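With the first letter of the sequence shown counted as 1, position 127 gets the number 127 in full-length UniProt numbering; the numbers rise by one all the way through. Backbone N, C-alpha and C fix where the C-beta goes; we use that ideal spot for every residue, glycine too. Given the structure is predicted, the values throughout are model-derived calculations rather than measurements. Notes for the one structure printed next.
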Amino acid sequence: MEHLPPPAMRVTDNKINYVHWDDPNELVDRLRLIEASRGAVPREEHDAVNRYHVDQRVDSLSEAQRKDYSDHREAIVALRADIEGASASLTNGRIGELVVAVEETRKLIVTQEERFTALLSQLQSDTTSLRTKLESHDTKLKYLAENVSKARTDARLNTIGLDKVTTTAQSCEERATNLEATVSKADVVDVQSYARQNRGYRYILTIIDALSKYAWAVPLKRKSGSEVAGSFASSPLKHGINHYSTHSVMKASIVERFNRTLKNEMWKVVTFNGSYKWVDVLSRLVSEYNARRHRAIAMRPVDVTPTTAAQLLSTVYKRVKIAAPAKFYAGDKVRVSKYKTVFAKGYTPNWSTEVFTVSKVQRTNPVTYLLQDYSGKPISGGFYEHELLRARYPDVYLVEKVLRRRGNKEYVKWLGMDASHNSWISRNDVL
């Protein structure tokens, strides 16, 4: 579309009226105004001119933009082609590399599988061999466990040049012959809960020498008098030794302590073997005890001889001087202390109703007393001072019950005495 210049630019028809002015400055100003008015155009024409120039500018810019777009499009197409080519090349190269890597990985996996199979086969073979060796070692270990204590004791005894210590009847006799004038204490250990595992043996007769601490132990199936007596006959106590009982609630502390030690050793073996069978190891345990250093005598019981026994009497068992004379004398009337258990009532009498007579004072350490009843019959056992109380009214007896009457006589039962002491008394003697 072609644009024509506005009519204001054609000034061929204009006429100028010339006027004479006296003032030159005013004339100049007037001329300027006239010139300016001649150059002025209407608003519509001015807008048309602006639109013309704008359209020209827009067309110019559109053409330049179309050219730039065409150039850019060609560049983009070329760049896209380059990118696609590079991408295809890169993809093909990467895929090739991945294929190679996968193939190498597959070969490596196959190789590792072969090695793993070989190692597994070797491991199975080694496991079988190791299991066989362990079974062999386990058998040897069980054998050693059964014989280690015995071997240790034998080795210890052989080192000092002594023969094997046993608890046979012959060794007991030899031991009793070497140790004369000593005190032995005996007790019976109850293990009947495990009789089925020990061929019916329910008890253990334990004997210990108070001086040397040398011990013996004999298994028993019953603790009847005949069987215990038979065990004594095969023990050192048959060599003319006086058998006696203290007839007291006090226990034989030395043999009780030995029983505890023996039980401790027995339970160690029982726990180790997983069985309650003790009868086969009893002799060995006692032998080990006799061959072990004892704290009280500072030596081994098996090493005590008549010579060392005399030394023990003068050192370990040195006599202690009695600080005070005997409290009671022969002929004194006394009452005997009553033994009370932990459940006994506190208000019950502490002393016997029956009155006894001191028949003999024994100069032991501490002093002990022998008693007899009112009829002169001796009382079994000895009594310590703290077990006796001097009777304040020894001639007064209490009648528990009158059983019969005959004239001036009464047959009575005495309080605190059994029926064997019942007697006839005169009625006048009763208060």
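Asked, Found
"As a quick exercise: from L313, Q56, F383, pick the residue whose alpha carbon is nearest that of V367.", "F383"
"Rounded C-beta distance between L398 and V334? I'm assuming under 8 Å.", "Not confirmed; about 17 Å, so no contact."
"What does P378 pair with, by DSSP beta-bridge criteria?", "Q372"
"Buried or exposed, going by whether 16 or more other CB atoms sit within 10 Å of the CB of W216?", "buried"
"Report the rounded CA-to-CA distance for S423 versus K327, giving the unit in angstroms.", "33 Å"
"Can you name, in chain order, every residue of its own chain whose Cβ lies under 6 Å from the Cβ of M266, other than the five neighbours on each side?", "W278"
"Considering Q362, what are the terminal residues of the beta strand (DSSP E) in which it resides?", "356-362"
"Alpha carbon to alpha carbon, how far is Y52 from A86? Give it in angstroms, no decimals.", "50 Å"
"Measuring CB atoms only, is the segment 357-371 touching the segment 398-408, in the sense that at least three cross pairs come out at less than 8 Å?", "no"
"Just reading off the alpha helix (DSSP H) that A310 is part of, what are its end residues?", "306-314"
"At 3 residues or longer, what runs of the beta strand (DSSP E) sit wholly inside the segment 79-140?", "none"
"Per the DSSP calculation, H294 is bridged to which residue(s)?", "M299"
"R405 to D332, Cα distance in whole Å?", "33 Å"
"Between the C-alpha atoms of V302 and L134, what's the straight-line distance to the nearest angstrom?", "40 Å"
"Using 8 Å for Cβ pairs, my map puts A391 next to V355. What's the rounded Cβ distance?", "5 Å"
"Hey, quick one: how far does the beta strand (DSSP E) through T206 stretch, first residue to last?", "203-209"
"Quick check on R300: buried or exposed, where buried means 16 or more other Cβ atoms within 10 Å of its Cβ?", "buried"
"With E410 as the anchor, note down where its alpha helix (DSSP H) starts and where it stops.", "Note, E410: premise wrong, no alpha helix (DSSP H); beta strand (DSSP E) at 409-414."
"Expressed to the nearest angstrom, what Euclidean distance is found between the alpha-carbon atoms of K413 and H421?", "7 Å"
"When you compare the CB positions of R222 and R199, do they come within less than 8 Å of one another, or not?", "no"
"Which partner residues of K401 appear in the DSSP bridge assignment?", "K413"
"What are the partner residues of F328, as DSSP defines its beta bridges?", "Its beta-bridge partners do not exist; DSSP assigns none."
"Taking 8 Å as the limit between beta carbons, can you name the residues of its chain near I254, skipping five residues before and five after?", "K185, I208, A210, K213"
"Could you give the DSSP three-state label for D418: helix, strand or coil?", "coil"
"Spell out the partners DSSP gives L262 in its beta bridges.", "In DSSP, L262 forms no bridge with anything."
"Near V286, what residues of its chain come up, given a Cβ to Cβ distance below 8 Å and the 5 sequence neighbours on each side ignored?", "T167, A215, W216, A217, L262"
"Assign I109 to buried or exposed, taking buried as 16 or more other Cβ atoms, counted over all protein chains shown, within 10 Å of its Cβ.", "exposed"
"If distances are taken between C-alpha atoms only, which option among A309, H294, S224 comes closest to R257?", "H294"
"What residue range is occupied by the uninterrupted beta strand (DSSP E) comprising V334?", "333-336"
"Compare the Cα-Cα distances from S283 to each of V269, G274, S275, A296 and report the closest residue.", "V269"
"What residue range does the beta strand (DSSP E) around V188 cover?", "184-190"
"If you follow the beta strand (DSSP E) that A217 is part of, which residue opens it and which one closes it?", "215-220"
"With a Cβ-Cβ cutoff of 8 Å, do T206 and V228 count as a contact?", "no"
"Assuming contact is defined by CB atoms lying nearer than 8 Å, are A330 and K360 in contact in what I supplied?", "yes"
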